[in-house]
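Asker: Heads up, the sequence shown is in this note's numbering, so the first residue is 1044 and it goes up one at a time.
Here a beta-carbon is modelled for each residue, glycine too, at the ideal position from N, C-alpha and C.
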Amino acid sequence: MMNQNLNDVLAFASVLAVFVMAVVQLVKITISVPKNIIPLVGVIIGILLGVAFYPFTELQTVERLWGGGLAGLSATGLFELAFNKRAGNTLKDNDDVPTK
1044 MMNQNLNDVL AFASVLAVFV MAVVQLVKIT ISVPKNIIPL VGVIIGILLG VAFYPFTELQ
1104 TVERLWGGGL AGLSATGLFE LAFNKRAGNT LKDNDDVPTK
């Protein structure tokens, strides 16, 4: 029974992440928000959308809150992965590599 609840929350979060990503991007282009709090904005929007989507799911409120929070966290990472193309390596040059 517990595994089924976790699967339901994960499925709900997966679907909800697309909507959260869209709303977070809307907030980013309409309101001046510091970049370091975008994940927090995503979690808050995810939780709010999770509660608002009650007609579309049979999950309990707590499960929808968890799904919304997970969707908010994943939506920020999903956007960064899909739309921010980053070239190069994490270390700028070989001088930064620690030696033994």
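So what's Thr1100 in DSSP terms, helix, strand or just coil?
Answerer: Numbered from 1 along the sequence shown, position 57 holds the residue referred to as residue 1100. Three-state result, Thr1100: coil.
Asker: Do Gly1089 and Ala1118 have their CB atoms nearer than 8 Å?
Answerer: Start at 1 with the first residue of the sequence shown, and residue 1089 comes out as number 46. Start at 1 with the first residue of the sequence shown, and residue 1118 comes out as number 75. Yes, the Cβ-Cβ distance between Gly1089 and Ala1118 is below 8 Å.
Asker: Is Ala1095 near Val1063, with beta carbons less than 8 Å apart?
Answerer: For this step, residue 1095 is matched to residue 52 along the sequence shown. For this step, residue 1063 is matched to residue 20 along the sequence shown. No, the Cβ-Cβ distance between Ala1095 and Val1063 is not below 8 Å.
Asker: Check for me: the alpha helix (DSSP H) holding Pro1082 runs from which residue to which?
Answerer: Within the sequence shown, residue 1082 is the residue found at index 39, counting from 1. From DSSP, the alpha helix (DSSP H) with Pro1082 extends over 1081-1095.
Asker: When you compare each of Val1058, Lys1078, Asn1046 to Glu1123 by their alpha carbons, which one comes out closest?
Answerer: Along the sequence shown, read from residue 1 onward, the residue named residue 1123 stands at position 80. Here the closest residue by C-alpha is Lys1078.
Asker: How would you write the range of the alpha helix (DSSP H) that Ile1072 sits in, first residue to last?
Answerer: Here residue 1072 refers to the residue found at position 29 of the sequence shown. Start and end: 1045-1073.
Asker: Applying the 10 Å Cβ sphere with the 16-neighbour rule, what's the burial state of Gly1120?
Answerer: Start at 1 with the first residue of the sequence shown, and residue 1120 comes out as number 77. Result: exposed.
Asker: Using only the alpha-carbon positions, how far apart do Val1067 and Gly1085 sit?
Answerer: Taking the first residue of the sequence shown as position 1, residue 1067 is located at position 24. Taking the first residue of the sequence shown as position 1, residue 1085 is located at position 42. One C-alpha to the other measures close to 6 Å.
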